[in-house]
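Using the working numbering, you'd call the opening residue of the sequence shown number 25 and step up by one each time.
The beta-carbon is built from N, C-alpha and C at its ideal position, and this holds for glycine as well.
Input: a single structure, listed below in structure tokens.
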Amino acid sequence: MTEADDGVERIIEEWRRERPDIDASSIGVFGRINRLQPLQRAATAHLHERHGLSVAAFDVLASLRRSGAPFRKTVGELAASSLLTSSAVTLRLDNLERDGLVRRVRTGTDRRQVHAELTEQGRERIDAIFEEHIGLEQRMMAALTATEQAELAGLLHKLTASVRAEAARNGAADDAT
């Protein structure tokens, strides 16, 4: 398989030959998404691991950082913004707190509510990694012009809404992460 040949066209052609009565062109989109996603994840994971973070830990730090000063969220807010369960967020926070990247703080009058907050070390770490993270994403997108990137982002947004609606119709939306 060459760099230009991802195998998807071959699959589509085989289906056209075997089932010419069915338009299998959707495989061109979903097949490529399925092949692209693990490649992107592996490259991203490698970058984060070089900095001693898992992808999930990076997501938690990034969520806190982009929330703005004082860089603080509850476990529930972190779970909602990172697509992790509350228990998974708590596990990440335990590790990040142990590493000195976050601290847990109680704020306001409700002493039961705990927030995770970036430490100075955590903010410095996520700022440094984020620059590299964006650089990696930009290099991976280098084959596309800025206009193509914007068009693709818009099309993927539209496709996501369509897939989400279909999943909801099928009752599969509850199973999705």
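Nearest residue (CA-CA) to residue i, options the options
i: residue 89; options: 108, 154, 133 and 58; result: 154
i: residue 165; options: 121, 67, 35 and 42; result: 67
i: residue 160; options: 30, 63, 43 and 142; result: 63
Pairwise C-alpha distance: residue j and residue i
i: residue 75; j: residue 54; result: 32 Å
i: residue 78; j: residue 194; result: 33 Å
i: residue 119; j: residue 94; result: 20 Å
i: residue 100; j: residue 116; result: 13 Å
i: residue 158; j: residue 152; result: 10 Å
i: residue 86; j: residue 48; result: 39 Å
i: residue 41; j: residue 56; result: 20 Å
i: residue 29; j: residue 92; result: 43 Å
DSSP state of residue i mapped onto helix, strand, coil
i: residue 168; result: coil
i: residue 133; result: coil
Close-in-space but distant-in-sequence residues of the same chain around residue i (CB under 8 Å, 5 per side omitted)
i: residue 139; result: 96, 97, 98, 128, 129, 130 and 131
i: residue 51; result: 32, 35, 36 and 39
i: residue 65; result: 79
Close beta carbons around residue i, own chain, < 6 Å, minus the five adjacent residues each side
i: residue 27; result: Low confidence applies to residue 27: its pLDDT is 49, below 50, so where it sits in the model is not reliable, and the reading given next is rough at best. Nothing listed; no residue qualifies.
i: residue 69; result: 79
i: residue 144; result: none
i: residue 82; result: 72
i: residue 180; result: none
Own chain partners of residue i with C-beta closer than 7 Å, once the 5 adjacent residues on each side are dropped
i: residue 202; result: Past the boundaries of the shown model lies residue 202; the chain is included only from 25 to 201, so the question cannot be answered.
* Asked: Do the segment 171 to 184 and the segment 103 to 115 meet, that is, are 3 or more Cβ pairs less than 8 Å apart?
  -> Contact fails: fewer than three Cβ-Cβ distances are below 8 Å.
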